[in-house]
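In order, the protein sequences belong to chains L and Z. Mapping the first sequence onto our numbering, position 53 (from 1) lands on 811, and the numbers just tick up by one. Mapping the second sequence onto our numbering, position 108 (from 1) lands on 866, and the numbers just tick up by one. Where a beta carbon is used, it is the ideal one built from N, C-alpha and C, also for glycine. Owing to the predicted nature of the structure, the values given are computational and were not obtained by experimental measurement.
2 protein chains.
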Amino acid sequence: MKKRPTDTPIDTSTEEKIKSAARTIFTQKGYAATRTRDIAEEAGINLALLNYYFRSKEKLFDIIMLESMQDFIHSITGVFNDETTSLKEKIQNMVNHYLDMLTNQPNLPLFVLSELRDNPGDLISKLHLKENLVQSHFLKQIQQAIQEGRIPPIHPLHFIMNLMGMIVFPFVASPILKSIGELDQSAFLELMQQRKKYIPIWIEAMMKVK
Amino acid sequence: MKKRPTDTPIDTSTEEKIKSAARTIFTQKGYAATRTRDIAEEAGINLALLNYYFRSKEKLFDIIMLESMQDFIHSITGVFNDETTSLKEKIQNMVNHYLDMLTNQPNLPLFVLSELRDNPGDLISKLHLKENLVQSHFLKQIQQAIQEGRIPPIHPLHFIMNLMGMIVFPFVASPILKSIGELDQSAFLELMQQRKKYIPIWIEAMMKVK
DNA sequence: GTCTATATACGGATAGAC
DNA sequence: GTCTATCCGTATATAGAC
Numbered sequence: 759m760k761k762r763p764t765d766t767p768i769d770t771s772t773e774e775k776i777k778s779a780a781r782t783i784f785t786q787k788g789y790a791a792t793r794t795r796d797i798a799e800e801a802g803i804n805l806a807l808l809n810y811y812f813r814s815k816e817k818l819f820d821i822i823m824l825e826s827m828q829d830f831i832h833s834i835t836g837v838f839n840d841e842t843t844s845l846k847e848k849i850q851n852m853v854n855h856y857l858d859m860l861t862n863q864p865n866l867p868l869f870v871l872s873e874l875r876d877n878p879g880d881l882i883s884k885l886h887l888k889e890n891l892v893q894s895h896f897l898k899q900i901q902q903a904i905q906e907g908r909i910p911p912i913h914p915l916h917f918i919m920n921l922m923g924m925i926v927f928p929f930v931a932s933p934i935l936k937s938i939g940e941l942d943q944s945a946f947l948e949l950m951q952q953r954k955k956y957i958p959i960w961i962e963a964m965m966k967v968k
Numbered sequence: 759m760k761k762r763p764t765d766t767p768i769d770t771s772t773e774e775k776i777k778s779a780a781r782t783i784f785t786q787k788g789y790a791a792t793r794t795r796d797i798a799e800e801a802g803i804n805l806a807l808l809n810y811y812f813r814s815k816e817k818l819f820d821i822i823m824l825e826s827m828q829d830f831i832h833s834i835t836g837v838f839n840d841e842t843t844s845l846k847e848k849i850q851n852m853v854n855h856y857l858d859m860l861t862n863q864p865n866l867p868l869f870v871l872s873e874l875r876d877n878p879g880d881l882i883s884k885l886h887l888k889e890n891l892v893q894s895h896f897l898k899q900i901q902q903a904i905q906e907g908r909i910p911p912i913h914p915l916h917f918i919m920n921l922m923g924m925i926v927f928p929f930v931a932s933p934i935l936k937s938i939g940e941l942d943q944s945a946f947l948e949l950m951q952q953r954k955k956y957i958p959i960w961i962e963a964m965m966k967v968k
């Protein structure tokens, strides 16, 4: 089960070319707005070949979708379950990790969240969220800190929401943020880099509130 | 206290019935996945009538989309440009306002942000973001506070991103959050109500960081 | 204004040659 | 495995009766 970065398609097999193209188009436009013809063109192959390899648009989509979500979740579980790092270090690692990831794949969260809107039950269950997040070392550390009175006794999900919101939201809302801030792409990315430094500090300040 | 878009609207004209139905379906499923037949059925009218009033699916969508975005932006401009309130009060008002709005229309942000992904230029320009946000009293107060050294000298957009991220993100990611937190709908809404109290405090704590 | 019936286009999928 | 040509369901849009 080796993992290959999506930006370096070493595997030039037809199957992988199609998957790579599908990932690009699906992520940009979503399932319904994507035409299999566009995927075929992007992959530089014929439409019939797509069905030869993947049987149907929907089956191809399911594969891409599952992999995308695993990218999103899996990539962080290492950070979350590293028993050698403190809560503070985990937050810094998570911020760095996600901000780099989203810089490379800015469309990923909106894609995943949009497609999740309807079919919540089925797909989510395949991600093993329970083991990877609910029972993570990260969450245990939060709960312990609450018990010891080092952070206020609120639902840990608030911290997750704040952290993820501050990291992910700017990418999800980038068109409107660029517009109101009158930023071009590089200025936007510069702000995102700044956030690597700021977000951990902000989170820490929030956690000290009583 | 849930608002139901399908309730009989005050304006019972056919045109308004179609628009109301369109708002519901488009917001749930997005443009591409929506079928005009579904809108007609939801509106309790015939498919042909939809084209009689709005010429095409796309023209109908453009109207709904513009109104949705205006809902989202316009509703806040009153708060942002109230010259009688302090920065702190504006933040509290904004949090209350948006959390109530999103509780009633939880699908709105994902809809708007998804559909904005591709056509950024055109639609955004119609919202008068410049007058309503860029030149708002809210932003002026932030800039003044920075000059007076009361908050750190960072790009004001960081505060906007943090504030909006903390407010909006939980609704955008609600399926996954409910799953990892093992929350049902009412428990989720309970958390959202708690955030009315917490977010202003958190933001204030963040702003004091140097 | 509102309906039924239909034209037209588009997109997913397959047949069959190579 | 890969292509060209084509089928066929589905969805938008219109024609025309009432």
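How would you label residue i, buried or exposed, when you count the other beta carbons within 10 angstroms and need 16 or more for buried?
{"i": "L/P767", "result": "Reliability fails at L/P767, whose pLDDT of 49 lies under 50, so the model's placement of it is uncertain and the value that follows must be treated cautiously. Classification for L/P767: exposed."}
{"i": "Z/H832", "result": "exposed"}
{"i": "L/E873", "result": "buried"}
{"i": "Z/T835", "result": "buried"}
{"i": "Z/G923", "result": "buried"}
{"i": "Z/G788", "result": "buried"}
{"i": "Z/K761", "result": "With a pLDDT of 38 at Z/K761, under the threshold of 50, the modelled position of this residue cannot be trusted, and the question is left open."}
{"i": "Z/S932", "result": "buried"}
{"i": "L/S844", "result": "exposed"}
{"i": "Z/M759", "result": "With a pLDDT of 37 at Z/M759, under the threshold of 50, the predicted position of this residue should be treated as unreliable, and no value is reported."}
{"i": "L/G802", "result": "exposed"}
{"i": "Z/Y856", "result": "buried"}
{"i": "Z/S883", "result": "exposed"}
{"i": "Z/Q902", "result": "exposed"}
{"i": "L/N865", "result": "buried"}
{"i": "Z/S894", "result": "buried"}
{"i": "Z/K955", "result": "exposed"}
{"i": "L/I957", "result": "buried"}
{"i": "Z/S778", "result": "buried"}
{"i": "Z/Q850", "result": "buried"}
{"i": "Z/T764", "result": "Since pLDDT at Z/T764 reaches only 46, below the 50 mark, its modelled position is unreliable, and the value read off the structure follows with that caveat. When all chains shown are included, Z/T764 counts as exposed."}
What are the boundary residues of the alpha helix (DSSP H) that residue i is part of?
{"i": "L/D829", "result": "815-838"}
{"i": "Z/A806", "result": "805-812"}
{"i": "Z/Y956", "result": "943-966"}
{"i": "Z/E940", "result": "Taken as a continuous stretch (DSSP letters only), Z/E940 belongs to no alpha helix (DSSP H), as it is neither H nor E."}
{"i": "Z/T785", "result": "772-787"}
{"i": "L/G923", "result": "914-930"}
{"i": "L/A801", "result": "794-801"}
Is the beta carbon of residue j closer than 9 Å to that of residue i?
{"i": "L/R781", "j": "L/E825", "result": "yes"}
{"i": "L/I821", "j": "L/F812", "result": "yes"}
{"i": "L/R953", "j": "Z/Q786", "result": "no"}
{"i": "Z/F896", "j": "Z/K968", "result": "no"}
{"i": "L/F838", "j": "L/F784", "result": "no"}
{"i": "L/M964", "j": "L/F917", "result": "yes"}
{"i": "Z/A790", "j": "L/A791", "result": "yes"}
{"i": "L/I959", "j": "L/L921", "result": "no"}
{"i": "L/L818", "j": "L/I925", "result": "no"}
{"i": "L/L949", "j": "Z/L915", "result": "yes"}
{"i": "Z/I900", "j": "L/L887", "result": "no"}
{"i": "L/V853", "j": "Z/V930", "result": "no"}
{"i": "L/K966", "j": "L/I909", "result": "yes"}
Using 8 Å for Cβ pairs, my map puts residue i next to residue j. What's the rounded Cβ distance?
{"i": "L/T772", "j": "L/L807", "result": "7 Å"}
{"i": "L/L891", "j": "Z/I938", "result": "5 Å"}
{"i": "Z/L881", "j": "Z/M823", "result": "7 Å"}
Every unbroken alpha helix (DSSP H) within the region 849-906 of chain L, with a cutoff of 4 residues, ordered by chain:
866-874, 878-883, 895-905
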